[in-house]
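Participant: Supplied in C-alpha cells, the structure appears directly below.
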Amino acid sequence: MAYVIAEPCIGVKDKACVEVCPMDCIHGTDADAMLYIDPEECIDCDACVPVCPVEAIFSEAQVPEKWQHFVRVNSDYFKGKR
Amino acid sequence: MWQTKPVKPRSYRIVGPQQQVDERTTPHPRVERGELGDRLLNWRKTRAGQDPFRRIFGVGGGDPNNCLQLIMKKAPEGAVNPTPAPIPEPTEMARRIKEVARFFGADVVGICHLDQAYVYSHRAKANPAAGEKVGDPVHVPHRYAVCLGFSSDYYRFLSNNSRISDAEYGLGNQRMIPTTFMLASYIREMGYPAQSHDYSKGFVNPIPLAVNAGLGELGRHGMLIHEEYGSRIHLSVVTTDLPLAVDEPIDIGVEEVCKYCMKCARTCPSKSIPFGGKEVVKGVEKYRINVDSCYKYRLAGRDKWTNCVICVSSCCYNKPTAWWHTLAIKSIVWTPIPLRVLVVKPLLWIDDLFWGKRPWKHMKWLGYDNAPEPAICTTPGCQVKHTNLQHKPLHDPKQAAKASLSRASVSP
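The listed protein sequences derive, respectively, from chains G and E. Just so you know, we're using my numbering here: the first sequence kicks off at 181 and counts up by one. Just so you know, we're using my numbering here: the second sequence kicks off at 9 and counts up by one.
This is the structure:
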C-alpha cells in the first residue's frame, strides 16, 4: 500500500509535501500537471497528508471513489523511469 | 506485619487482559518473510555493504564467524551446578548480583518479577544447534528478571542518520552479549537456573521488564527513558530462579514530560510517533507507535545507515552526564505531580533554546563524516526540489490533528 495524489493537486503543485517526505518519493516536472508519489518508495508515514493545502493526498485504501483511477495514474508515472 | 502498597509504573497502565506476543509478529521476522515488501526484504539481506562495522555487527553480508552476535546465537546454555552454593537472604543476594552485573560490564541493573505477559509465546528464529525450530512454543518458567542496561555515547548518537551513530548503535547491541551470558553463567554456577536474553538470542521483551525493575519509564517513543542516559541505553535480561529482592518502578517525571514535550514526534522523519494521547494496545494503555513506517524508514538510509535513532537523540532526557541535567530531572521529581507542569514547560523551553528543536551534531570520526549531503533524485526528469533531512520542516501537532479530523469526517 502507498499514498496517492489525486485530482485536487492538478494545477496547484504546492510542493509542501515534497519538503516533508522523508523518502523523497514525490516527484514531478514543471511540465506535469500534478505531482506523483512513487508507490515503491512510499513508506505510508502520512507526513505529506497534513501539509497538503488542497487535501489531495490519500492512503490507497481511502482514495474517494471518484478519484480511484489516480492510484493507477501515480504508479504509471514511474513506469520505465526506474 | 506492616506492608507498603506495591508501586505501579506511571508511564503505562494495564487496563485489560494482557496477551503474550508471538515473536513471529515482531518487525524483523515480518520483514524476513517479505510482509513489509520486497524492497525491505532485499535490503535486509544486502544492507551490510562493505562497511566493516556493519559487517561485524551482524547486519548481513559479513562472515558469520566475524560476528559476535551470530557466534553467540549458537552458543549453548551451560548446565546448572548440581551443588548449590549457600546464598544470603534475597536483599543481600540482589545487591551482590547487581554488583556482579556491573563488574561484568553493565551500566545499570534492576530486578523485577518475571511477568509471563512479557515472554514471547512462540519463537521466530530457528536454532539448529539446539534443535529448535521456528514456531516452537517458548517456555521461560523463571521467577525473576535481572534487567541490564548498557549506555551508548551521547555525541555519536547525536550524529544520527550516519555511519557514526550506526556504529555506536551496533556496538551497544554487541556489548550486552558477553555481560549477559556471563551473568547467567555465574548464576548457573551458583546452582540456580538462569537464561540470558540479549541481542544474540532472547525470548522476553526487555522494555516493560526494565520499567518494572525501576531502570526508567516508558516514553512516548515506545522506549525506556533512563534518568541519566535517556533512551540511549540497550537492554538485556537474565531470567532466573535465584531468590532475589525485587526493585520497584520509579517516577522520573516521564509521564508529564512526554505529555508536553513531543520532541520525538516532531522530529521523527517517518512520523511514526503519535502527537495524541495514549491508546490501549493488547491490554496496556500506552502511546502507540507506527512500527511499520518506523521500520520502512530504514530504506531512506540509501546504504549509508541502517538505524535512525533520531527519537533517541532528540529526547530531552538524552543529555551528557552533567550536574545541570541531574538538577533538571530532580527538580521535576521533587515537585508534586499536579504542579509538575509548572516546572516541565520552562525546562522544555530551555531545552529547545540550548539544544535545538532538532538536536543533531556534525561529526567526523575514523574518516566518516556526517555532513548533510544534497538530496539526490533518481527519477529521470524530476524537477521538484528535494531537501536534506536537516532542512525538512518539523512535524506540526496542529496539522496532524487537523488531518486526523479531516480523515475521520470522510471515512465511512
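Where is the CB? At the ideal position from N, CA and C, for every residue including glycine. On a predicted model such as this, the values are computed, not experimentally measured, just so you know.
Counting pairs of beta carbons, one from the segment 291 to 310 of chain E and one from the segment 25 to 36 of chain E, are three or more of them closer than 8 Å?
Facilitator: Verdict: yes, contact present.
Participant: State the Cα-Cα distance for the pair G:P233 and G:D194, rounded to the nearest angstrom.
Facilitator: Going by the C-alpha atoms only, they are around 7 Å apart.
Participant: Taking Cβ positions, are E:D51 and E:L355 nearer each other than 8 Å?
Facilitator: Per the sequence presented here, residue 51 of chain E reads as Trp, with Asp not at that position. It is not a contact, given that the beta carbons lie outside the stated cut-off.
Participant: Taking contact to mean 3 or more Cβ pairs, one atom from each stretch, closer than 8 Å, check whether the segment 368 to 385 of chain E and the segment 233 to 248 of chain E are in contact.
Facilitator: Flag = no, the segment 368 to 385 of chain E and the segment 233 to 248 of chain E do not touch.
Participant: Does E:N213 come out as helix, strand or coil in the three-state DSSP assignment?
Facilitator: Correct three-state label for E:N213: coil.
Participant: Just mark E:H150 as buried or exposed, buried being the case when its beta carbon has 16 or more other beta carbons within 10 Å.
Facilitator: With 16 or more Cβ atoms within 10 Å of its Cβ, E:H150 is classed as buried.
Participant: Count the other CB atoms, across all protein chains shown, that sit within 10 Å of the CB of E:L243; report buried if there are 16 or more and exposed otherwise.
Facilitator: Counting Cβ neighbours within 10 Å, E:L243 comes out buried, since at least 16 surround it.
Participant: In angstroms with no decimal places, state the Cα-to-Cα distance between E:N174 and E:Q77.
Facilitator: Just to set this straight, residue 174 of chain E is Asp in the shown sequence, not Asn. Looking at the two C-alpha atoms, the distance is approximately 16 Å.
Participant: Which whole-angstrom value is the C-beta distance of E:G145 and E:S129, which I expect to be below 8 Å?
Facilitator: It should be noted that the sequence gives Pro, not Gly, for residue 145 of chain E. Contact flag correct, Cβ pair sits at about 7 Å.
Participant: Look up E:P420 in the DSSP assignment and say whether it is helix, strand or coil.
Facilitator: Note that E:P420 scores a pLDDT of 45, beneath 50, so its modelled location is shaky; the value from the coordinates is reported in the next line. Of the three classes helix, strand and coil, the one that applies to E:P420 here is coil, per DSSP.
Participant: Any beta carbon of chain G sitting closer than 8 Å to that of E:C385?
Facilitator: Closer than 8 Å to some Cβ of chain G, the Cβ of E:C385 qualifies, so yes.
Participant: Tell me which residues share the same chain as G:C225 and place their Cβ nearer than 7 Å to its Cβ, disregarding the 5 neighbours each side in the sequence.
Facilitator: Correct list, in chain order: P202.
Participant: G:V184 by DSSP, collapsed to three states: which one?
Facilitator: Three-state DSSP puts G:V184 in a strand.
Participant: Among E:A102, E:H399, E:D71, which residue has its Cα nearest to the Cα of E:Y152?
Facilitator: For the residues E:A102, E:H399, E:D71, the minimum Cα distance to E:Y152 belongs to E:A102.
Participant: Could one say the Cβ of G:G208 lies closer than 8 Å to chain E's Cβ atoms, at least one of them?
Facilitator: It does; some Cβ of chain E falls within 8 Å.
Participant: Which word fits G:M181, buried or exposed, when buried means at least 16 other C-beta atoms lie within 10 angstroms of its C-beta?
Facilitator: Answer is exposed; the Cβ neighbour count stays below 16.
Participant: Quick check: what's the CA-CA separation for E:G45 versus G:E221?
Facilitator: Going by the C-alpha atoms only, they are around 10 Å apart.
Participant: Is the beta carbon of G:I217 closer than 8 Å to that of G:N254?
Facilitator: Yes, the pair counts as a contact, with Cβ atoms nearer than the cut-off.
Participant: Within 10 angstroms of the Cβ of E:R196, are there 16 or more other Cβ atoms? Answer buried if so, exposed if not.
Facilitator: Burial call: buried.
Participant: For a contact defined as C-beta to C-beta under 8 Å, what are the partners of E:Y295 on chain G?
Facilitator: None at all; the shortest Cβ gap to chain G is about 16 Å.
Participant: Would the beta-carbon of E:I340 fall within 8 Å of that of E:V352?
Facilitator: Going by C-beta atoms, E:I340 is nearer than 8 Å to E:V352.
Participant: Distance cutoff 8 Å, beta carbons only. Does E:H1 sit that close to anything in chain G?
Facilitator: Here chain E comprises residues numbered 9 to 420, so residue 1 of chain E is not present and cannot be evaluated.
Participant: Within 10 angstroms of the Cβ of E:Q182, are there 16 or more other Cβ atoms? Answer buried if so, exposed if not.
Facilitator: The residue in question, E:Q182, is buried, as its Cβ has 16 or more Cβ neighbours within 10 Å.
Participant: Given this structure, state the Cα-to-Cα distance separating E:V254 from E:C385, to the nearest angstrom.
Facilitator: If I take the Cα positions, the gap works out to 54 Å.
Participant: Who does E:P145 pair with in a DSSP beta bridge?
Facilitator: Per DSSP, E:H130.
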